[in-house]
Amino acid sequence: MTSGKTTLLGGKGIVLRARSDLVYLLGDPDRVATWCSLQLQHPLEERPAGLTAELDTPRGRAELLLRPELLLQALRVNAPSKMDQWLDMDQKVKNRWISNYRPMRTYQETRERLEQFFNHNLHNQFQYRLPEMDAASVATAAGLWRRRLQQLLSGDRLRTAYNAVTGWWPDRWEMMPYYLAVDETDSEDSEEGDDGGEAGGEERRGADEEQTLEGLPRPQLEKWQQLERQHQQLWQELEPRGYGERRSLNEQHDKECQHLERHHDEMWWQMKTRHHEERKRLHQLHDSAVRCVELQTEGQLQLLVEKRQRQTELLNRRKRRQCAVLERKHQSEWDEQQQEFQKQWNQMKQKHRRESRELEERFPNLWTGDELDRLMEECSRRRQQLGKELEKELENEETLARGKISDEDE
Numbered sequence: 001m002t003s004g005k006t007t008l009l010g011g012k013g014i015v016l017r018a019r020s021d022l023v024y025l026l027g028d029p030d031r032v033a034t035w036c037s038l039q040l041q042h043p044l045e046e047r048p049a050g051l052t053a054e055l056d057t058p059r060g061r062a063e064l065l066l067r068p069e070l071l072l073q074a075l076r077v078n079a080p081s082k083m084d085q086w087l088d089m090d091q092k093v094k095n096r097w098i099s100n101y102r103p104m105r106t107y108q109e110t111r112e113r114l115e116q117f118f119n120h121n122l123h124n125q126f127q128y129r130l131p132e133m134d135a136a137s138v139a140t141a142a143g144l145w146r147r148r149l150q151q152l153l154s155g156d157r158l159r160t161a162y163n164a165v166t167g168w169w170p171d172r173w174e175m176m177p178y179y180l181a182v183d184e185t186d187s188e189d190s191e192e193g194d195d196g197g198e199a200g201g202e203e204r205r206g207a208d209e210e211q212t213l214e215g216l217p218r219p220q221l222e223k224w225q226q227l228e229r230q231h232q233q234l235w236q237e238l239e240p241r242g243y244g245e246r247r248s249l250n251e252q253h254d255k256e257c258q259h260l261e262r263h264h265d266e267m268w269w270q271m272k273t274r275h276h277e278e279r280k281r282l283h284q285l286h287d288s289a290v291r292c293v294e295l296q297t298e299g300q301l302q303l304l305v306e307k308r309q310r311q312t313e314l315l316n317r318r319k320r321r322q323c324a325v326l327e328r329k330h331q332s333e334w335d336e337q338q339q340e341f342q343k344q345w346n347q348m349k350q351k352h353r354r355e356s357r358e359l360e361e362r363f364p365n366l367w368t369g370d371e372l373d374r375l376m377e378e379c380s381r382r383r384q385q386l387g388k389e390l391e392k393e394l395e396n397e398e399t400l401a402r403g404k405i406s407d408e409d410e
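Under full-length UniProt numbering, the residue at position 291 of the sequence shown is numbered 291, and the numbers go up by one with no gaps.
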């Protein structure tokens, strides 16, 4: 891509078969196909150049991919973002190509390189690079190369050859400044060579032919000139005779082309009609298949929802039963703990009463005074100590009961 131009290579694009390939190239193939269909409905003179078939046909893909202007128009209208993507990619390729490849040598550099090669020992070069050649072949090849280099370096032949490569090269993408170095010293000579054009090349080729004929021996030169005269005479005799035959062949060829075009148009219309019917039938089959799949999916979804509800209800009932069992078990254990506590409390009360009676029997006259106070304090301390011990035992039993309940819940 240079100066707004874009290069798209479509050589292997004719064999595009997967939809992903079209998506990669066009971005939105359906939109491009719709655009092609709408353009085909217009008259031939109003259509884009080269568009004659639908995109979903091999001919349509070939036309779109082998005609860069048509492809660029389709991308520009239907996928501008894809167009920008390809422009960025071309810019990256151009920058990478410019940075990785050296420019072509200038005329002066080329001439110096050829002079260095001409001054080398060509015999040694041939013997080193082609060791299988014998001495006679090496001498012949070296002499031929030396004469050819001498002819190329003499006069303006090297300039003509260089201009033929650099000046007549078709540069439609304007890439010459990136692969061709400019020789400032030879700019005027280059302009003169470019102005000479093909006329100068023809004059030089005529001079070469004259020089070749002048170098022949006289018998061969006379034979060559005689053959030239015979050739001109035969050509003048055959040209009028073959003109009518060529004209009749051209007319016959035109008729055959018209017949083939009509036959091709009829076949193409039949194929297009059949393709339309097949496409319509395939769309109907696809719609019915999609509907069946949707119905099956809805039925499966309903079954899954009902199954999930049943499983949830079963889990809830099982959880409620387990909770009821644990509640009853906890209540029974709590009742047992209450009974045990009440029993121990009654035992302590009975023990206290018994000890009180024993004290009364042993000390009937000690209900007053310091000794009575001491005994009361001792009884109080004893009662508090027994109460603390009883509370600790109850706490331990409750802790054990709670641990058992938590283990059963897990």
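Note that CB positions come from ideal geometry on N, CA and C, so glycine has one too.
C-beta atoms of residue i and residue j nearer than 8 angstroms
i      : j      : result
His123 : Val138 : yes
Leu64  : Leu70  : yes
Glu115 : Leu158 : no
Ala79  : Leu26  : yes
Leu51  : Gln39  : yes
Tyr107 : Tyr24  : no
Leu390 : Gln344 : yes
Ile405 : His330 : yes
Leu303 : Phe341 : no
Ala401 : Glu327 : no
Contacts around residue i, its chain only, beta-carbon distance under 8 angstroms, and the 5 residues preceding and following it disregarded
i      : result
Gln127 : Met133 and Val138
Ala49  : Arg67, Glu69 and Leu70
Arg59  : Thr52 and Ala53
Val77  : Trp35
Arg111 : Leu153 and Leu158
Supposed contact pair residue j and residue i - C-beta distance, whole angstroms, cut 8 angstroms
i      : j      : result
Phe118 : Leu149 : 5 angstroms
Ser37  : Glu54  : 6 angstroms
Arg113 : Arg105 : 7 angstroms
Leu386 : Met348 : 6 angstroms
Gln322 : Glu398 : Their Cβ separation, rounded to whole angstroms, is 22 angstroms, which puts Gln322 and Glu398 out of contact at 8 angstroms.
Simplified DSSP state of residue i, which is helix, strand or coil
i      : result
Met376 : helix
Met133 : coil
Gly197 : With a pLDDT of 41 at Gly197, under the threshold of 50, the modelled position of this residue cannot be trusted, and the question is left open.
Whole-angstrom distance between residue j and residue i, CA atom to CA atom
i      : j      : result
Arg31  : Lys272 : 20 angstroms
Pro29  : Gln258 : 34 angstroms
Glu361 : Glu378 : 17 angstroms
Arg262 : Trp269 : 11 angstroms
Asn250 : Glu256 : 10 angstroms
Leu75  : Trp35  : 11 angstroms
Val305 : Gln85  : 47 angstroms
His276 : Thr312 : 53 angstroms
Ala164 : Gly155 : 16 angstroms
Gln252 : Gln91  : 51 angstroms
Asp287 : Ala33  : 20 angstroms
Arg146 : Arg229 : 35 angstroms
Cys292 : Arg279 : 20 angstroms
Gly299 : Leu285 : 21 angstroms
Arg382 : Asp335 : 28 angstroms
Thr297 : Glu46  : 48 angstroms
Arg19  : Arg281 : 21 angstroms
Arg354 : Arg317 : 55 angstroms
Leu22  : Leu87  : 18 angstroms
Val325 : Lys319 : 10 angstroms
Gln233 : Gln226 : 11 angstroms
Arg274 : Asp265 : 14 angstroms
Asn396 : Asn346 : 20 angstroms
Val290 : Gln309 : 28 angstroms
Same chain, Cβ closer than 6 angstroms to residue i, five either side skipped, listed in chain order
i      : result
Glu203 : Note that Glu203 has pLDDT 44, beneath the 50 cutoff, so the model's placement of it is unreliable and no number is given.
Ala141 : Phe126
Leu130 : none
Beta-carbon contacts of residue i that lie in its chain and below 7 angstroms, excluding the five residues immediately before and after
i      : result
Asp56  : Ala33
Leu359 : Leu375
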